[in-house]
Amino acid sequence: MKKFGSVERLAAGGSLVLLAAVSLLAFLSPSQRVAWLIAGILGLAAIIGLLLRQLNLQTTYLQRARAELSDNREDLTGLTVELTEMSLVDPLTGARNRRGFIDLVDHQMRVAAREWKKLHFVFVDIDDMKSINEDFGHAAGDAALIEIVEIIWASSRTVDVVGRMSGDEFAVALIHADDPSIVANRIAEGVAARVRDPKHPYELHVSLGAATFDPAAPDTLDEMIKEAREAMFAAKHASAEERAKKLASPSLR
């Protein structure tokens, strides 16, 4: 059952009084009728004024409520976007995590296929990461991961996508790049410069592999990651064999 407010009760009561006053007009003299009509008109005007005031107050309240609701929605939307972005970023290195990398690069691959452009991938793996953790502690291992991401960022462009694919494996998707070897060489040079820095207690080495998405013979993102990873492992094995040969033959040292 609907409940009436004070203004609504006043309006209803005033209407009854006016109705009663009109009913009494037949029993009054002409001068009394005029007085009652004037009083009734003034009373009706007062009631209408109160109703308009209440309507204005309710309108103002609704406008404020809508504004607050809009602000809350904007805050909630911003918070949702922020939380979503955080869920796609690796908290240690700041690179995209595997899910974030796949989500963004999958879209870029569809764009590349539609625009008939190639998309290149470079896979980066830290060599002997286990030894760094065991010999210098996990804090040093975390620092190595951060260093590698910084080198990758410095070697690529802002439009490129850098992701941490697993513990010590990273990938960078090169958007609208012509040759993945340019970025791969920059990464290798950055790591080599880091190796020569005497301030660090451990050496840092990486293995690199590259793959290219060609819209003329398109592969899936998983296939591209697998291809770049396999190329990286091939480079890692070749590097290990080269080091083994140098150790076995003094003339090659």
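Counting from 1, position 134 in the sequence shown corresponds to residue 130 in the working numbering; the numbering is continuous, with no gaps.
For every residue, glycine included, the Cβ atom is placed at its ideal position computed from N, Cα and C.
Asked, Found
"Three-state secondary structure assigned by DSSP to G159", "strand"
"Classification of I37 by the beta-carbon crowding that lies within 10 angstroms, buried from 16 upward", "exposed"
"CA nearest to the CA of E223, picked from Q50, F119, A109", "F119"
"Three-state secondary structure assigned by DSSP to I34", "helix"
"Where S152 sits in the DSSP three-state scheme", "coil"
"Neighbour flag for N129 against chain C, beta carbons, 8 angstroms", "Among the chains of the structure shown, chain C does not appear; only one protein chain is present."
"C-beta contact flag for R160 and T89 at 8 angstroms", "yes"
"Beta-carbon proximity of V187 to I147, cut-off 8 angstroms", "yes"
"Inter-residue Cα distance where the pair is L100 and V157", "8 angstroms"
"Simplified DSSP assignment, three categories, for E165", "strand"
"Check whether A207 and F117 have beta carbons under 8 angstroms apart", "yes"
"Residue ranges of each beta strand (DSSP E) within the region 173 to 212, 3 or longer", "202 to 209"
"8 angstroms Cβ cutoff met for P176 and A108", "no"
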